[in-house]
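Working notes for the structure below.
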Ligand code: TRH
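Residue numbers (my numbering): 908 to 1314.
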């Protein structure tokens, strides 16, 4: 049965902190609708966080529509009715509302169809993901939930990437005017086409201040574009002011470095920023992936975890990312990433300088890698496609097919 138009999915997202949980689920919801025509309801507990990456969102409305997706406030107890659809996704092991669990139990007891129930996990490059992706877990109510693990391998759940993204990126990057127009739309002044532009979206680390001081004393004009947020907590001494007093639109001139404070934009605007910069410092999960899709060199500030487990995850990624890189380039780029995460400023500066002389973005090897990696990492199928295939393999209900004509 091709019931593309009838397919209804619910995604539940609890905002733990920052923007990654809502960032990932919002991106996935948009893609499922745009590319598969699925009616997605995204339930989120914190509209104020969501509004940072969807500025048009009205935090006072408990139900609204954007990009074909219904966005509903997940309050406690749930004040809007949950009607079971074809698929139910709990993002990042969030505990579903009682009303939803009760409804699933009721349907099951009445022998009615229940949605395919998935837990969408965090992205991880470690090898164990292959063995855990897709595993079932029997729940107390007698239903089965499956674990869906995003990842970089063929056997994992894949990576979120829209079908036309690379073509859009290439069209953008081929014309210098696009980046200059974007900078002027963002209200940024004084950026010449040949200046070095670095976007910064990190957590706190002394390594960022060390890099800024180096760019300040450098021989080339450099611009650091930093949204108001956690990166600024590491720059209070350099900027000689409190982070909370710094506002979007402000500019700080420090020798050859200009720091521009940005407002946060929607996800499409952020993608364009990443495509336009010469180097990106990104963090968490979603911006980390978008930096790879931007085909520009980057530092990944991974979300810190207990017992430094995040460094294990970081190394697992660096290993696969560097697999095809020349050893010298691979070594400096990996060490730069590790040092940024461990806050070893001297090491960050040493490897940044070495990297500049090897030149990740201009050497043939580096250029080729930046463009080829996104294609290889996708392993022929993005996360949404793998998700649909997985659902179809589990579902006793609708089979979802890609619409032949764009919607
Ligand atoms: O905000 P994050 O630090 O989120 C983190 C991670 O997801 C982490 O794994 C998780 O455990 C923790 O949250 C709770 O970083 P991330 O994942 O990059 O998410 C940021 C989102 O914000 C991403 O979707 C991109 C988006 N964004 C914009 O849309 N506009 C902007 O201007 C900026 C700077 C970001």
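Even for Gly, the Cβ is constructed at its ideal location relative to N, Cα and C.
Note that the structure is predicted; figures quoted are calculated from it, not measured.
Start and end residues, alpha helix (DSSP H) containing residue i
{"i": "residue 984", "result": "Here residue 984 belongs to no alpha helix (DSSP H), and DSSP marks it neither H nor E."}
{"i": "residue 1008", "result": "1005 to 1016"}
{"i": "residue 1074", "result": "1072 to 1080"}
{"i": "residue 1315", "result": "The structure shown does not extend to residue 1315, since the chain spans only 908 to 1314, so no value can be given for it."}
{"i": "residue 1179", "result": "1174 to 1183"}
{"i": "residue 1045", "result": "First-last for residue 1045: 1043 to 1045, but that is the beta strand (DSSP E), not the alpha helix (DSSP H)."}
{"i": "residue 1090", "result": "1083 to 1092"}
{"i": "residue 951", "result": "Taken as a continuous stretch (DSSP letters only), residue 951 belongs to no alpha helix (DSSP H), being part of the beta strand (DSSP E) at 946 to 951."}
{"i": "residue 1150", "result": "It is not in any alpha helix (DSSP H) - residue 1150 carries neither H nor E in the DSSP assignment."}
Sub-8 Å separation of residue i and residue j beta-carbons
{"i": "residue 996", "j": "residue 1025", "result": "yes"}
{"i": "residue 920", "j": "residue 1006", "result": "no"}
{"i": "residue 1190", "j": "residue 1108", "result": "yes"}
{"i": "residue 918", "j": "residue 960", "result": "no"}
{"i": "residue 927", "j": "residue 1213", "result": "no"}
{"i": "residue 1067", "j": "residue 934", "result": "yes"}
{"i": "residue 1259", "j": "residue 1118", "result": "yes"}
{"i": "residue 1225", "j": "residue 1244", "result": "yes"}
{"i": "residue 954", "j": "residue 936", "result": "no"}
{"i": "residue 1111", "j": "residue 1140", "result": "yes"}
{"i": "residue 1065", "j": "residue 1285", "result": "yes"}
{"i": "residue 1252", "j": "residue 1242", "result": "no"}
{"i": "residue 1087", "j": "residue 1104", "result": "no"}
Contact test: residue i Cβ vs the ligand SAM heavy atom, cutoff 7 Å
{"i": "residue 925", "result": "The ligand SAM is absent from the structure shown, which contains only the ligand TRH."}
Element boundaries [beta strand (DSSP E), containing residue i]
{"i": "residue 1107", "result": "1103 to 1107"}
{"i": "residue 996", "result": "994 to 998"}
{"i": "residue 1292", "result": "Taken as a continuous stretch (DSSP letters only), residue 1292 belongs to no beta strand (DSSP E), being part of the alpha helix (DSSP H) at 1290 to 1301."}
{"i": "residue 917", "result": "915 to 920"}
{"i": "residue 1249", "result": "Careful: residue 1249 lies outside any beta strand (DSSP E), inside the alpha helix (DSSP H) at 1234 to 1249."}
{"i": "residue 1220", "result": "Premise fails: residue 1220 lies in the alpha helix (DSSP H), 1216 to 1228, not in any beta strand (DSSP E)."}
{"i": "residue 972", "result": "970 to 973"}
The ligand TRH heavy atom lying under 7 Å from the CB of residue i
{"i": "residue 1192", "result": "yes"}
{"i": "residue 1154", "result": "no"}
{"i": "residue 1179", "result": "no"}
{"i": "residue 1173", "result": "yes"}
{"i": "residue 1104", "result": "no"}
{"i": "residue 930", "result": "yes"}
{"i": "residue 1195", "result": "yes"}
{"i": "residue 960", "result": "yes"}
{"i": "residue 1257", "result": "no"}
{"i": "residue 1029", "result": "yes"}
{"i": "residue 934", "result": "yes"}
{"i": "residue 1108", "result": "yes"}
{"i": "residue 1134", "result": "yes"}
{"i": "residue 1021", "result": "no"}
{"i": "residue 943", "result": "no"}
{"i": "residue 1219", "result": "no"}
{"i": "residue 1216", "result": "no"}
{"i": "residue 994", "result": "no"}
{"i": "residue 1228", "result": "no"}
{"i": "residue 1189", "result": "yes"}
{"i": "residue 989", "result": "no"}
Cβ separation of residue i and residue j, assumed to be a contact under 8 Å, to the nearest whole Å
{"i": "residue 940", "j": "residue 914", "result": "No, residue 940 and residue 914 are not in contact; Cβ-Cβ is about 10 Å, not under 8 Å."}
{"i": "residue 1032", "j": "residue 1203", "result": "Going by Cβ atoms, the distance from residue 1032 to residue 1203 rounds to 19 Å, so no, they are not a contact pair."}
{"i": "residue 1055", "j": "residue 1044", "result": "Not confirmed; about 12 Å, so no contact."}
{"i": "residue 1080", "j": "residue 1182", "result": "6 Å"}
{"i": "residue 1138", "j": "residue 1115", "result": "6 Å"}
{"i": "residue 1165", "j": "residue 1130", "result": "5 Å"}
{"i": "residue 1093", "j": "residue 1169", "result": "6 Å"}
{"i": "residue 1301", "j": "residue 1023", "result": "5 Å"}
{"i": "residue 1197", "j": "residue 1177", "result": "7 Å"}
Cutoff 8 Å: residue i Cβ touching any chain B Cβ
{"i": "residue 1297", "result": "Absent here is chain B; the protein component of the structure consists of one chain."}
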